[in-house]
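Working notes, structure below.
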Amino acid sequence: MILSKHSETTSEIKVKPMLIQVDVRTTFLYKWGREEGIKEGEQRGLVRGLKQGLKEGILGIVQAKFGAQKAKLIESFLEKVDDISHLKKIKRELIRAETWEDFIKAFKSSNSKNKDSRPKLT
């Protein structure tokens, strides 16, 4: 309530609220949030790209070393693998393996802790 100082009696003056329009895009919080969102999106994209690249690399190596049928066997399994370090381990074992059986043995022994993630590739 605002009181008038100029009159001898106090009276109320009604004040209408003024709407203030601010372009949110010009505020520092918007700019900061946008920058953080872009950084997070780029990071997610890099991780997704790395995973996809590793999977494609593994499939290429399998196809080159053991043929297209073996690549098809491992393809559906690779779609379920989401851990970059696990994909790197698969790639290392694949490069070391001289035969498909060597790869499967090495792969199974390296996954003995998590039996559910082992592929049924034999």
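What the sequence shown shows, in our numbering, is residues 108 to 229, in sequence order.
C-beta: ideal position from N, C-alpha, C; glycine also.
As the structure is a prediction and not an experimental result, all values here were calculated from the model.
Can you give me the C-alpha to C-alpha distance between residue i and residue j, rounded to a whole angstrom?
| i | j | result |
| --- | --- | --- |
| K196 | I127 | 58 Å |
| D223 | D130 | At D223, the pLDDT of 47 sits below 50, so the modelled position is not reliable; the number obtained from the coordinates is stated separately. Spanning the two alpha carbons is a distance of roughly 53 Å. |
| K172 | L185 | 17 Å |
| L180 | I211 | 12 Å |
| K215 | R141 | 45 Å |
| T133 | I120 | 35 Å |
| D209 | K146 | 42 Å |
| G164 | K198 | 8 Å |
| A213 | W139 | 48 Å |
| F135 | R151 | 24 Å |
| R60 | V154 | Because the chain spans 108 through 229 in this model, residue 60 falls outside it and cannot be assessed. |
| E143 | Y137 | 10 Å |
| Q170 | E205 | 13 Å |
| S118 | P124 | 19 Å |
Rounded C-beta distance between residue i and residue j? I'm assuming under 8 Å.
| i | j | result |
| --- | --- | --- |
| L194 | I168 | With a Cβ gap of about 12 Å, L194 and I168 do not count as contacting. |
| K162 | W207 | Contact flag wrong, Cβ pair sits at about 18 Å. |
| E182 | L166 | 6 Å |
If you follow the alpha helix (DSSP H) that residue i is in, where does it begin and where does it stop?
| i | result |
| --- | --- |
| Q159 | 135 to 173 |
| R203 | 191 to 203 |
Less than 8 Å between CB atoms is the rule here; does residue i satisfy it with respect to chain C?
| i | result |
| --- | --- |
| A204 | You won't find chain C in this structure, because it holds only one protein chain. |
(Q) When you compare the stretch 188 to 203 with the stretch 151 to 171, are there three or more beta-carbon pairs, one atom per stretch, that lie closer than 8 Å? (A) yes
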